[in-house]
Structure formats: structure tokens, C-alpha cells
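Trainee: Residue numbers (my numbering): 1482 to 1635.
Even for Gly, the Cβ is constructed at its ideal location relative to N, Cα and C.
Computed from a predicted structure; not experimentally measured.
Below: one structure in C-alpha cells.
Next comes the structure, spelled out in C-alpha cells:
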């Protein structure tokens, strides 16, 4: 109980203004500069809360329905590019970047399978000298294929 009493006393003391705490000329903006930093956001939030309490949002025509596709588009993609891609897709064409992405994924999957099959052929480590040379030669060729895929990505 003692802590609660202290908190209550502190709040009462803080809320009461004495002669020394009465506003002095030029101190208002210094005290409120930090508090008004997000003033506009706070104002908008207050208006929204007032409208919600009045029930202005209760009878919206789209309430409970999913958002339209226009609102779910990629926010980093400009509207023109989005619209062009949509027109292409609607007419049976696939945008170039999607085709390129698919080709890259297929090439990566093929390379993963290729390296797994090659590694199984050599068995467990340690490899003998001949197998080690063959494996290193395979890795050189594999590195060339990786460079080709990286060119497509850039």
C-alpha cells in the first residue's frame, strides 16, 4: 500500500501547479517540441478513433471481404509495370522476368542434381589421387557453369 500511496501523491503533486511552475514567457515551445513531433500522426489517429466510436466504419460495403488485386500488388513495382504484366498474363504471355527466373531455377536444380550424382560416383573421403584430380576437374567445369548462371542473374 505504501508504494501505491507514493505513486498517488506523486501524481497529485505533479498535476498541481504552484507559483514557480506557472508558464514563463518562451518556455511553452521548448517543453512541447518533443511531444508534437508526431502530432499529425496523433491527430489522424484521434480522428479515426472518433469515427470508430461514432460507428462510421460499421456499414462499409466491403467489410469482411478480401482486398482487391490492385491493393495487393507489389509496393516496390510501379503501377505501369504492374499493369503491363497483368495485360500480358491475361493474354497468355509470361513476362520476361518470370521466364528468366524460371530458367535460372531450372538450371540451379539441374546443377544440384549434377553435383550430387558426380559426388556419389567417387564415394567417401578420403579420395585417392586419381579420384581427387577427377573431382577437381569436375569442380572447375562446374564453376564455369555457375558463372554462366550468374551472368543470367545480373
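What are the boundary residues of the alpha helix (DSSP H) that includes residue 1528?
Mentor: Looking up residue 1528 in the chain shown gives position 47. Per DSSP, residue 1528 belongs to the alpha helix (DSSP H) from 1520–1535.
Trainee: In the structure shown, what three-state DSSP assignment does residue 1423 receive?
Mentor: Outside the displayed span of the chain (1482 to 1635) sits residue 1423, for which this structure offers no information.
Trainee: Would you say residue 1596 and residue 1630 are within 8 Å of each other, going by their C-beta atoms?
Mentor: Looking up residue 1596 in the chain shown gives position 115. Looking up residue 1630 in the chain shown gives position 149. No, they are not a contact pair.
Trainee: Is residue 1629 helix, strand or coil by DSSP?
Mentor: Position 148 of the chain shown, counted from the first residue, corresponds to residue 1629. Three-state DSSP puts residue 1629 in a helix.
Trainee: Cβ of residue 1603 within 8 Å of Cβ of residue 1612?
Mentor: Here residue 1603 corresponds to residue number 122 of the chain shown, with the count starting at 1. Here residue 1612 corresponds to residue number 131 of the chain shown, with the count starting at 1. Yes, the pair counts as a contact, with Cβ atoms nearer than the cut-off.
Trainee: Determine the direct distance from the alpha carbon of residue 1578 to that of residue 1528, and round the result to whole angstroms.
Mentor: Sequence index remark: in the chain shown, residue 1528 carries index 47 (1-based). Sequence index remark: in the chain shown, residue 1578 carries index 97 (1-based). Going from the Cα of residue 1528 to the Cα of residue 1578 covers about 43 Å.
Trainee: Indicate the three-state DSSP secondary structure (helix, strand or coil) for residue 1557 in the structure shown.
Mentor: The residue you call residue 1557 lines up with position 76 of the chain shown. Reduced to three states, the DSSP call for residue 1557 is coil.
Trainee: Helix, strand or coil for residue 1605 per DSSP?
Mentor: Your numbering for residue 1605 matches position 124 in the chain shown. Note: residue 1605 maps to coil in three-state DSSP.
Trainee: Once DSSP output is grouped into helix, strand and coil, what is the label at residue 1540?
Mentor: As a position in the chain shown, residue 1540 is number 59, starting the count at 1. Correct three-state label for residue 1540: coil.
Trainee: Contact defined as beta carbons within less than 8 Å: I believe residue 1599 pairs with residue 1619. What is the distance between those atoms, to the nearest angstrom?
Mentor: Here residue 1599 refers to the residue found at position 118 of the chain shown. Here residue 1619 refers to the residue found at position 138 of the chain shown. Right, their Cβ atoms sit about 5 Å apart.
Trainee: Measuring alpha carbon to alpha carbon, tell me which of 1608, 1594 and 1635 ends up nearest residue 1623.
Mentor: By one-based count along the chain shown, residue 1623 stands at place 142. The option with the nearest alpha carbon to residue 1623 is 1594.
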